[in-house]
Amino acid sequence: MRTIVTAMDIRRAVTPAELSAAESLFDGPARTEWSERFLAAPGHVMLIAYVDGVPAGMVSGIEMSHPDKGTEMCLYELSVDEGYRRRGIGRDLTLALAEEAKARGCYGMWVGVDTDNEAALATYTSAGARDEGVFSMRGWPLAP
Ligand SMILES: CC(C)(COP(=O)(O)OP(=O)(O)OC[C@H]1O[C@@H](n2cnc3c(N)ncnc32)[C@H](O)[C@@H]1OP(=O)(O)O)[C@@H](O)C(=O)NCCC(=O)NCCS
3 MRTIVTAMDI
13 RRAVTPAELS
23 AAESLFDGPA
33 RTEWSERFLA
43 APGHVMLIAY
53 VDGVPAGMVS
63 GIEMSHPDKG
73 TEMCLYELSV
83 DEGYRRRGIG
93 RDLTLALAEE
103 AKARGCYGMW
113 VGVDTDNEAA
123 LATYTSAGAR
133 DEGVFSMRGW
143 PLAP
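For the sequence shown, the residue numbers in the numbering used here are 3 to 146.
Here you go:
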């Protein structure tokens, strides 16, 4: 019988090259200009999960501050490569971002989820999220 040993670790991305190497986890290719802006922006964080050195999942978060509220973390994107799902990576990335948020002094973390995204809802519940209700989203496309 063969035993397959895999090692997973989660690291914060600090270079555009790391973001580019993980771009299959994004909705589209990483652009250098946008990667540099993301990495340089205060309060922006991306954690990448590596399995045997291969990017298998990522979570991004953005701190939001307000004068009467302090600072909270918004979980912006969470994604696990299809071949690595259902192994606890999504939960571990979410927990790692929550830890990072705590270390940065955030009073809470939140995420918006499509109400029919069962995998994401189960993952956030598994990572300790409470149901804080349903809201409707409105947007303003501004690109020319
Ligand atoms: C959502 C996503 C990140 C989950 O990643 P994952 O690594 O497979 O999740 P985990 O293995 O950590 O699972 C965490 C929990 O969710 C449950 N879960 C995961 N996928 C599920 C599914 N498709 N249906 C039901 N439950 C599911 C697991 O059983 C586990 O529950 P447990 O802790 O009680 O055992 C992944 O499915 C994904 O990348 N989806 C596409 C992108 C997306 O929708 N992102 C979220 C946007 S808000």
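Cβ atoms here follow ideal geometry from the backbone N, Cα and C, with glycine treated the same way.
Per DSSP, I50 is paired with what?
R13, M60
If you run the structure through DSSP and keep just helix, strand and coil, what is T96?
helix
Where does W142 fall in DSSP's three states?
coil
E25 lies in the beta strand (DSSP E); which residues open and close that run?
Here E25 belongs to no beta strand (DSSP E), and DSSP marks it neither H nor E.
Confirm the yes/no value for this check: CB of R93, any heavy atom of ligand 1, distance under 7 Å.
yes
Other residues of its chain near V82: CB distance less than 6 Å, five sequence neighbours each side excluded:
G59, I91, G92
Would you say the beta carbon of G90 is closer than 7 Å to some non-hydrogen atom of ligand 1?
yes
If we call anything under 8 Å between Cβ atoms a contact, is V61 one with L99?
yes
Over the uninterrupted alpha helix (DSSP H) stretch that includes T127, give me the two end residues.
120-128
What do you get for M139, buried or exposed, if any count of 16 or more other CB atoms within 10 angstroms of its CB means buried?
exposed
Can you have a look at T96 and say buried or exposed, based on whether 16 or more other CB atoms are within 10 angstroms of its CB?
buried
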